[in-house]
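Visitor: Protein chains in written order, with the numbering used here: chain A, 20 to 256; chain B, 117 to 371.
Handing you a structure now.
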Amino acid sequence: MIEIKNISKSFGKLSVLKNIDLHLELGQCIALIGPNGCGKTTLIKSILGMVLPDQGDIIVKQQSIFNNIEYRKHIGYMPQIGRYPQNMTIGQIINMVKNIRNSDAALDNDLYDYFEIQKMLHKYMGTLSGGTTQKVSAVLAFLFNPDVLILDEPTAGLDPLASELLKEKIIREKEKGKLIIITSHLLSELDDMVSQIIFMQDGNILFHKGVSQLNAETNTTKASKAILHFLKQSRNG
Amino acid sequence: MGRIFKYVMLDIFKNKIVIFYTILLAMLSWSAFSLEDNESKGLLTLLNIILLTVPLVSILFTTIYIYNSSEFVELLVSLPIKRKVIWNSLFIGLGLSLSLSFILGAGIPLLIYAEFNNALLFIAAGILTTLIFVALAFLSSILSKDKAKGIGVSIILWLYFALLFDGLILFLLYQLSEYPIEKMMVVITSLSPIDLARILILLNLDVSAMLGYTGAIFKDFFGTTQGLIISFGLLLLWIVIPYLISLRKFKKKDL
């Protein structure tokens, strides 16, 4: 589904991604893990075409993403910190994105209903709390029923109920056979969702493995424990 | 294209500065014509006011607007839409609304008070000046991520073209007054869009007779149809080149 071939990116002297190769398949929920500043968000933004890598290629559905915008129809993106035009209302934003996406696929209104967005349509983005902004981001990511969902710290800032609803939604989408890429620092909440883990450090991929394999290697039963094991290792080593 | 353009236009008109600018231009134009007793004098007064205010408002408003729409742009780039379309929509939205302000504010009194040909030339020059400074604003705001720096660059550009450039020309004229530099002056003038617009209009008014020998050389060049076409072409280049550079940079920008 998504093939990342040897991409590198540096901002000035700082090299953020170093020759990254990855192969991501549908039906998986992949956790992208690593210490702060290891290049997770840059990698995600490269897949979305927001950051342009210095070299290498990214292939989505057998097509290079460079000079191509069609592939973005298949991706729903929830940013870490959603930045929206302050003087537009929630309703206007949703309408505008609908307009631009112009998709004929049936809309997925689950999160829209769960989060009771209907009641807030007239509110301006500039007046929303961080959590409500996150809800809008989540609704926009899931609304068009995309094959790939890229979620950057999805539950950060959400209240416990909303974050539970979002988690359940993610699991249901995974079971539908979608590809879900998720970054999070809240390891415990990854347990029920993830099937594969990518561990990044200093712009490199340390490993990309299935959860069961990792558990066997580290003698743990949960994904979170296995990740913790590697995080400690990476700090000591 | 139209899909984003619609939102840009709506947003600009919600922002009341453009309406205020229209009223300001109207007040300036009506007072210029009612204070002066003949058309030429009125046009000259208006010319001087407009060549200061139009570039200033166009470049500053556009620069700040682009910085403020960074969130809008960020939201759009992750959607299936070309970066070129986003940037074009912003440019057309800003250029069109500021030009519309000029036509409504200054164009109507011009058409009423001035001779039709002069009024048309004046309006064309005003629209071109607007678009030039909108394009320059696109360039200065893409050069730096820092808002204060970008606005600073825009102010410096305006100061340079509106005030410093004339000073430099005067200095050159004074220093080189022994030499036949009139033809060179034609070339140098085309390096500043404001001066180009000013000369274009002056030469088509009766007052050009008072400009002396340099004026005669200018008239020889800019007064002819060919000169008129060349100077309009140069003004167009002042729009196209800064804008295309900014577009190229925007396509490669990391967001």
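Just so it is clear, CB atoms sit at the ideal spot from N, CA and C, and this is done for glycine as well.
Quick caveat, the model's predicted, so the values are computed rather than measured.
Compute the beta-carbon to beta-carbon distance between Ile-201 of chain A and Leu-45 of chain A, rounded to the nearest angstrom, for a pair I have assumed lies under 8 Å.
Guide: On the first sequence, position 182 is the one that residue 201 of chain A refers to. On the first sequence, position 26 is the one that residue 45 of chain A refers to. Ile-201 of chain A to Leu-45 of chain A, Cβ: 15 Å. No contact.
Visitor: Among A:Leu-147, A:Val-155, A:Ser-122, which residue has its Cα nearest to the Cα of Tyr-133 of chain A?
Guide: In the first sequence, the residue the question calls residue 133 of chain A occupies position 114. With distances taken between Cα atoms, Tyr-133 of chain A lies closest to A:Val-155.
Visitor: Take Leu-206 of chain A and list the residues in its own chain whose beta-carbon comes closer than 6 Å to its own, dropping the five residues that flank it on each side.
Guide: Numbered from 1 along the first sequence, position 187 holds the residue referred to as residue 206 of chain A. The answer, listed in chain order, is Ser-243, Ile-246.
Visitor: Taking C-beta pairs closer than 8 Å, name the residues in chain B that Pro-104 of chain A reaches, listed in chain order.
Guide: Working through the first sequence from its first residue, we reach residue 104 of chain A at position 85. The answer, in chain order, is Asp-127, Ser-185, Glu-187, Phe-188, Leu-191.
Visitor: Return the chain-ordered list of same chain residues with a C-beta closer than 7 Å to the C-beta of Gly-343 of chain B, the five sequence neighbours on each side being excluded.
Guide: Locating residue 343 of chain B in the second sequence gives position 227, where the first residue counts as 1. The answer, listed in chain order, is Phe-337.
Visitor: Quick one: list the residues of chain B neighbouring Glu-89 of chain A, beta-carbon separation under 8 Å, in chain order.
Guide: Locating residue 89 of chain A in the first sequence gives position 70, counting from the first residue. Per Cβ cutoff of 8 Å: Pro-196.
Visitor: Residues of chain B with CB closer than 8 Å to the CB of Tyr-96 of chain A, please, in chain order.
Guide: As a position in the first sequence, residue 96 of chain A is number 77, starting the count at 1. Going along chain B in sequence order, the residues near Tyr-96 of chain A (Cβ under 8 Å) are Ser-194.
Visitor: If the cut-off is 7 Å on Cβ atoms, which residues from the region 108 to 134 of chain A count as contacting chain B, listed in chain order?
Guide: For the region 108 to 134 of chain A, which is checked against every Cβ of chain B, the residues closer than 7 Å are Met-115, Val-116, Asn-118, Ile-119, Arg-120.
Visitor: Exposed or buried, which one is Lys-195 of chain A when buried takes at least 16 other CB atoms within 10 Å?
Guide: Here residue 195 of chain A is taken as the residue at index 176 of the first sequence, counted from 1. Counting Cβ neighbours within 10 Å, Lys-195 of chain A comes out exposed, since fewer than 16 surround it.
Visitor: Give a yes or no on whether the C-beta atoms belonging to Asp-129 of chain A and Lys-188 of chain A are separated by under 8 Å.
Guide: Against the first sequence, residue 129 of chain A aligns to sequence position 110. Against the first sequence, residue 188 of chain A aligns to sequence position 169. The answer is yes: Cβ separation under 8 Å.
Visitor: Do you know offhand how far Leu-177 of chain A's Cα is from Phe-188 of chain B's?
Guide: The count along the first sequence starts at 1 and reaches residue 177 of chain A at position 158. The count along the second sequence starts at 1 and reaches residue 188 of chain B at position 72. Cα to Cα, the separation comes out at about 23 Å.
Visitor: From the DSSP output, in three-state form, read off Gly-95 of chain A for me.
Guide: In the first sequence, the residue the question calls residue 95 of chain A occupies position 76. DSSP places Gly-95 of chain A in strand when its eight states are reduced to three.
Visitor: Is Gly-56 of chain A close to chain B, meaning its C-beta is less than 8 Å from at least one C-beta of that chain?
Guide: Here the question's residue 56 of chain A lines up with position 37 in the first sequence. For Gly-56 of chain A, the answer is no, since every Cβ of chain B falls outside 8 Å of its Cβ.
Visitor: Kindly indicate the opening and closing residues of the beta strand (DSSP E) around Gly-75 of chain A.
Guide: Translated into positions along the first sequence, residue 75 of chain A becomes position 56. It spans 74 to 79 - the beta strand (DSSP E) in which Gly-75 of chain A sits, taken as one unbroken run.
Visitor: In terms of alpha-carbon separation, which member of A:Thr-61, A:Lys-32, A:Ser-214, A:Ala-181 lies closest to Asn-234 of chain A?
Guide: Within the first sequence, residue 234 of chain A is the residue found at index 215, counting from 1. Of the listed residues, the one whose Cα sits closest to Asn-234 of chain A is A:Ser-214.
Visitor: By Cβ distance below 6 Å, which residues in the same chain neighbour Ala-313 of chain B in space, the five residues on each side in sequence not counted?
Guide: Along the second sequence, read from residue 1 onward, the residue named residue 313 of chain B stands at position 197. Result list for Ala-313 of chain B: Ala-241, Thr-245, in chain order.
Visitor: Would you report the Cα separation of Tyr-276 of chain B and Ile-304 of chain B, rounded to the nearest angstrom?
Guide: Residue mapping note: residue 276 of chain B aligns to position 160 of the second sequence, counting from 1. Residue mapping note: residue 304 of chain B aligns to position 188 of the second sequence, counting from 1. Looking at the two C-alpha atoms, the distance is approximately 14 Å.
Visitor: Which residue comes first and which comes last in the beta strand (DSSP E) that contains Ile-199 of chain A?
Guide: Taking the first residue of the first sequence as position 1, residue 199 of chain A is located at position 180. Taken as a continuous stretch (DSSP letters only), the beta strand (DSSP E) holding Ile-199 of chain A covers 198 to 202.
Visitor: What are the start and end residues of the alpha helix (DSSP H) that includes Val-134 of chain B?
Guide: Start at 1 with the first residue of the second sequence, and residue 134 of chain B comes out as number 18. From DSSP, the alpha helix (DSSP H) with Val-134 of chain B extends over 133 to 151.
Visitor: When the distance is taken between beta carbons, is Ser-186 of chain B closer than 8 Å to Tyr-96 of chain A?
Guide: Locating residue 96 of chain A in the first sequence gives position 77, counting from the first residue. Locating residue 186 of chain B in the second sequence gives position 70, counting from the first residue. Against a cut-off of 8 Å, the Cβ pair of Ser-186 of chain B and Tyr-96 of chain A comes out as no contact.
Visitor: Pull up the CB-CB distance for Ser-65 of chain A and Lys-92 of chain A, whole angstroms please, since I reckon it's below 8 Å.
Guide: The residue you call residue 65 of chain A lines up with position 46 of the first sequence. The residue you call residue 92 of chain A lines up with position 73 of the first sequence. About 18 Å; that fails the 8 Å criterion.
Visitor: Just the Cα atoms here: how many angstroms apart are Ala-125 of chain A and Ile-175 of chain B?
Guide: Taking the first residue of the first sequence as position 1, residue 125 of chain A is located at position 106. Taking the first residue of the second sequence as position 1, residue 175 of chain B is located at position 59. Whole-angstrom Cα-Cα distance: 44 Å.
Visitor: Would you please state the rounded distance, in angstroms, between the beta carbons of Ile-136 of chain A and Ile-109 of chain A? I believe it to be under 8 Å.
Guide: In the first sequence, counting from the first residue as 1, residue 136 of chain A sits at position 117. In the first sequence, counting from the first residue as 1, residue 109 of chain A sits at position 90. Going by Cβ atoms, the distance from Ile-136 of chain A to Ile-109 of chain A rounds to 6 Å, so yes, they are a contact pair.
Visitor: If I follow the unbroken beta strand (DSSP E) through Ser-34 of chain A, where does it start and stop?
Guide: Translated into positions along the first sequence, residue 34 of chain A becomes position 15. Ser-34 of chain A -> beta strand (DSSP E) spans 33 to 43.
Visitor: Can you pull the chain B residues whose beta carbon is under 8 Å from the beta carbon of Met-69 of chain A, in chain order?
Guide: Along the first sequence, one-based indexing puts residue 69 of chain A at 50. Residues of chain B passing the Cβ test: Glu-190, Val-193, Ser-194, Asp-370, Leu-371.
Visitor: Under a Cβ-count criterion, where at least 16 other Cβ atoms within 10 Å of its own Cβ denotes burial, should Ala-264 of chain B be classed as buried or exposed?
Guide: Along the second sequence, read from residue 1 onward, the residue named residue 264 of chain B stands at position 148. Exposed.
Visitor: Return helix, strand or coil for Lys-241 of chain A, following the three-state DSSP convention.
Guide: To locate residue 241 of chain A, count along the first sequence from 1; it is residue 222. Looking at Lys-241 of chain A - three-state DSSP - the assignment turns out to be coil, as it is neither helix nor strand.
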